[in-house]
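Input: a single structure, listed below in structure tokens.
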Amino acid sequence: MKVLFAVLILSLSVAGQNPAAKPAAPSSPDGKSIDSIIHAMYDVISGPAGTRDWARFHSLFLPEATLATVLHKDGQTLHKVMTPDDYVRGAGAYFQQHAFYESELARRTEQFGNIAHVFTTYASRHEPKEQPFERGINSVELLNDGTRWWILTISWDSERADNPIPREYLKTVPQ
0 MKVLFAVLIL SLSVAGQNPA AKPAAPSSPD GKSIDSIIHA MYDVISGPAG
50 TRDWARFHSL FLPEATLATV LHKDGQTLHK VMTPDDYVRG AGAYFQQHAF
100 YESELARRTE QFGNIAHVFT TYASRHEPKE QPFERGINSV ELLNDGTRWW
150 ILTISWDSER ADNPIPREYL KTVPQ
């Protein structure tokens with residue numbers, strides 16, 4: 000019964016409802032590999048003040064995908080869970096007025112069959128060459144539907160004095 004349910008759900012979610020992958024380069028379309036989708040994830044939100052390529056952004060995610068941020072305020076740990084559309088509404092207004100560049104510093108990937116978990120350490124900057132104003136870790140869950148990789152979930156938390164990035168997450172583990 001579990002197998003039948005899983006097949007039904009998978010067929011409903013991948014049968015023509017997902018946006019097509021946008022090519023970052025003709026030889027490496029977004030989602031072709033774990034590397035290409037992680038690169039696209041950073042690339043699509045980074046740039047000078049102005050509109051981002053939100054069609055490309057949406058093409059990275061399954062329709063049921065979520066994004067979740069961990070917030071720290073007044074000694075409390077809070078979280079906010081969003082859909083890709085929620086993220087576009089919130090971040091889009093900010094990106095219109097502010098340059099934002101996020102880049103990967105290191106990566107750890109675990110994969111089994113068609114699922115993968117990626118811990119990708121990031122640095123956020125207002126200009127590409129300046130010192131980061133924030134660093135943290137994106138936890139990314141991926142699914143391969145047999146054709147390409149899709150983002151299921153991105154969760155992130157930022158580095159703070161009481162939450163430094165562990166040394167092992169500042170080194171990329173060879174795959």
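Once you know that position 146 of the sequence shown is 145 in numbering that gives the first Met the number 0, the rest is easy, because the numbers rise by one and skip nothing.
In this text, a Cβ means the ideal position worked out from N, Cα and C, and glycines have one as well.
inquiry  = Tell me the DSSP secondary structure of ARG51 in three-state form.
reply    = coil
ask   = What does a CB cutoff of less than 6 angstroms around LYS158 pick up in its chain, not counting 5 residues either side in sequence?
value = At residue 158 the sequence reads Glu, which differs from the Lys that was named. Same-chain partners within the cutoff: ARG134, GLY135 and ILE164.
ask   = In this structure, does DSSP put PRO83 in helix, strand or coil?
value = helix
request  = Tell whether a beta-carbon distance below 8 angstroms holds between HIS78 and THR68.
outcome  = Contact: yes.
message = Looking at the secondary structure, which residues open and close the alpha helix (DSSP H) in which ALA39 lies?
response = The continuous alpha helix (DSSP H) containing ALA39 extends over residues 33-44.
request  = Quick one: residues in its chain with C-beta nearer than 8 angstroms to the C-beta of PRO131, no 5 flanking neighbours on either side, listed in chain order?
outcome  = So the qualifying residues of the chain are ALA122, SER123 and ARG124.
Sequence ranges, beta strand (DSSP E) only - wholly within the segment 81-169, length at least 3 = 100-111, 114-124, 133-143 and 148-157
request  = Could you pull out every residue in the same chain whose Cβ sits closer than 8 angstroms to the Cβ of TYR93, ignoring the five residues on either side in sequence?
outcome  = PHE99
task = Could you tell me whether the segment 81-89 touches the segment 101-109, using the rule of 3 or more Cβ pairs below 8 angstroms?
result = no
key: Nearest-angstrom Cα separation, counted from GLY49 out to THR146   = 32 angstroms
key: Close-in-space but distant-in-sequence residues of the same chain around THR171 (CB under 8 angstroms, 5 per side omitted)   = ALA105, ARG106 and ARG107
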